[in-house]
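From first to last, the protein sequence lines are chains V and R.
Here the working numbering is used: the first residue of the first sequence is 5, the next is one more, and so on.
Here the working numbering is used: the first residue of the second sequence is 7, the next is one more, and so on.
Just so it is clear, CB atoms sit at the ideal spot from N, CA and C, and this is done for glycine as well.
Predicted, not measured: the structure shown is a model, and the values here were computed from it.
What follows is a single structure, written as structure tokens, with notes after it.
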Amino acid sequence: MNIVNDEQLLITVYPGYTKTGEPEGFESIEIRPGDIITIVGPTGSGKTAFINDIEVFAQRDTVTGRNVTVNGGVPPESFVRDPANKPIAMITQNTKCLADLTVDEFLDMHIIARNNKECNTCEKTIELANRFMGEKIRGEVRISALSGGQTRSLMIADAVIISQAPILLLDEIENAGIFKEEVVNHLKKLNKAVLFVTHDPYIALLSDRRIVMRNGEVTAVLEPGDSEKEFLMKVSQIDHTLSEIRERIRVGEVLGGVAFGS
Amino acid sequence: MAVKLIVIAGPPSVGKTAVVKQIIKHIKRNNGAPAYLKVDVVVAFEDIELKEEYNIPTKKVYSGDLCPDHMGIMVIRDAMEWAEKEGADTLIYESAGLCLRCTPYISDSLGICVISAVFGTHAPLKMAPMIGLSDVVVVTKTDLISQAEKEVFREQIRKVSPELDIIETNAIQGTGMQYLMKVIDMQKPMDDLNHAMLRGIPPLGVCTICVGKKEIGWQNHFGVIRRLEDDDNIYRGE
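Here it is, written out as structure tokens:
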């Protein structure tokens, strides 16, 4: 049951304060389904705080003092408090899962919490997660025994299939050795609003809009359009080359021959 | 009696005092006058800390070798009268939070159970009495777990009692606290201490409280009794 039609969902973020208490410079940032946005900036610049504000629909009640509206108004309490109505799924850097449950049990409980009534949801989630990751996840394994990468790909698949949220917030997904291009391409196809906090140039270039942060403040919102096209192609090649080298190192190979195939 | 009573229960180190601080700040911001009572077993610093930080009337009682919830039930009537005399409009009573079986919640008060999101998935069921008889469950440290796990944890709490108000928060930063404050603002003062009763039956035992006499205040009990002022008079079982 969605109170607001997912297709028309408009999230607007209004400015708060920098870490030193000055008002932020931007006017407002609008987020719609289909938007692929990255948030970049040094560590400690407030990237995670920015997506946290969206996750809790901040009403000037978080450390940043920002205000977030849904379709121009204050979001209903159930958006924030009832998982079955929450239009947001967030994957944080905390991929530790403390639950003393098997993957199947965990997913089944989350299906109940999100009130998801579709069939075979649990199997579909594991299937998708396994596309994001080389090491296969099995349903009968304890969730606490999964690797960091497995947990993260499971969480992304869970957000897509079980939560079915129109807005996805992803905090540094590149760090866990998952197939990031596969993830980004899959998410792009779903017409969801996706916000990536990232240090990865490839993910940053794959997005349509970049929010730049410093000292807890949004300092720029960039829409480079086609002007970065050449860089995207170049970085894509470099990234593929690096992935190949990474895989060879991971399987214990000693690298020989001509470096970078040139 | 024009004092509202807020009972805070929950295991040690979950962040009960961090929640209390947010409540005190909220009440003071709205020109209210909170008072604070801590019941603990051997050591507690919260009364001194809160008095210094917020300049409000505070008090602590050590239960020694007595069950701290038993102690709380004994002294709470005196404490309500003390709070009224101090000019307070709200008494926040923080339990020691040692026994997950006991439920020190009282009728006509607001019972808040504080639990931590980093407890295992089964924790809510193990603490069922403490959670089930409360009005509001505040889940702290939610910034430390994933959203999916937070939602699964919430589902476990709902297994204990489907109607409970669940508030997820990072109590140190105060995220999510506005929902708790709404409930606190709606809470009415306790008008008659003679009608205030324990909500649940404490564990079976040999004292008047343990055998199920639910009236509060030492006046209504015999055997091992305590007044607010004589908490150092510890019963040694002679």
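Using a Cβ-Cβ distance cut-off of 8 Å, the segment 107 to 116 of chain R and the segment 131 to 145 of chain R are in contact, since at least three pairs of beta carbons, one from each stretch, lie closer than that value. Taking 8 Å as the cut-off, the Cβ atoms of Ile30/R and Leu72/R do not count as close. With respect to Phe30/V, Val225/V sits close: the two C-beta atoms are nearer than 8 Å.
Interface with chain R (8 Å Cβ-Cβ cutoff): Ile15/V is excluded. Counting only the Cα atoms, Arg83/R lies some 13 Å from Val67/R. Contact between Ala15/R and Gly103/R holds, since their C-beta atoms are separated by about 6 Å, short of 8 Å.
Under DSSP, Gly77/V forms a beta bridge with Val74/V. With a cutoff of 8 Å on beta-carbon distance, Leu106/R and Lys132/R are scored as near each other. Residues of chain R whose Cβ lies closer than 7 Å to the Cβ of Phe110/V are, in chain order, Val158.
Membership of Leu97/R in the beta strand (DSSP E) is indicated by the continuous run 96 to 100. Around the beta carbon of Ser49/V, 16 or more other beta carbons lie within 10 angstroms, which makes this residue buried.
Across the segment 64 to 85 of chain V, CB contacts with chain R closer than 9 Å involve Asp65, Thr66, Val67, Glu81, Val84, Arg85, in sequence order along the chain.
DSSP, reduced to helix, strand and coil, places Ser167/V within a helical segment of the structure shown.
If you look at Leu116/R, you'll find it in the beta strand (DSSP E) that goes 116 to 122. Within 10 angstroms of the beta-carbon of Asp46/R lie 16 or more other beta-carbons, which makes it buried. Taking a 10 Å sphere around the C-beta of His114/V, we find 16 or more other C-beta atoms and assign the residue as buried.
Taking a C-beta distance under 8 Å as the contact criterion, Val158/R and Ala123/R do not qualify as a contact pair. Beta-bridge partners of Tyr21/V (DSSP): Pro27/V. Chain order gives no chain V residues near Gly218/R, where near means a beta carbon separation below 9 Å; the closest approach is about 35 Å. Lys22/R sits buried, since 16 or more C-beta atoms from the chains shown fall within 10 Å of its C-beta. Taking a Cβ-Cβ threshold of 9 Å, the residues of chain V close to Thr181/R are Asn56, Val60, Ala62, Asp65, Thr66, Val67, in chain order. When C-beta distances to chain V are compared with 9 Å, the residues of the segment 122 to 140 of chain R below that value are Ala123, Val124, Phe125, Gly126, Thr127, His128, in chain order. For Glu248/V, the enclosing alpha helix (DSSP H) has its first and last residue at 233 to 254.
For Arg135/V, the enclosing alpha helix (DSSP H) begins and ends at 125 to 135. Chain-order list of chain V residues neighbouring Tyr185/R: Glu81, Arg85, by C-beta distance under 8 Å. Spanning the alpha carbons of Met237/V and Ile177/V requires a straight line of approximately 21 Å. The closest CA to that of Gln97/V, considering only Pro63/R, Ile151/R, Gln184/R, is found on Ile151/R. The beta-carbon separation of Ile121/R and Val230/R, rounded to 30 Å, does not stay under the 8 Å limit for a contact.
Separation of the CB atoms of Arg213/V and Ile41/V is rounded to 5 Å, and the pair is thereby assigned contact status at 8 Å.
Taking all protein chains shown into account, Cys123/V has fewer than 16 neighbouring C-beta atoms within 10 Å of its C-beta and is therefore exposed.
Excluding five sequence positions before and after Ala50/R, the CB atoms of its chain that fall closer than 6 Å to its own CB belong to Lys44, Lys66, given in chain order. In the DSSP assignment, Ile160/V falls outside any beta strand (DSSP E) and lies within the alpha helix (DSSP H) extending over 152 to 162. When C-beta atoms of the segment 88 to 95 of chain V are compared with those of the segment 168 to 177 of chain V, three or more pairs fall below 8 Å, so the two segments count as touching.
Counted as a single uninterrupted DSSP element, the beta strand (DSSP E) harbouring Phe200/V occupies residues 197 to 201. Neighbourhood of Ile95/V in chain R, by CB distance below 9 Å: Ser152, Gln153, Ala154, in chain order.
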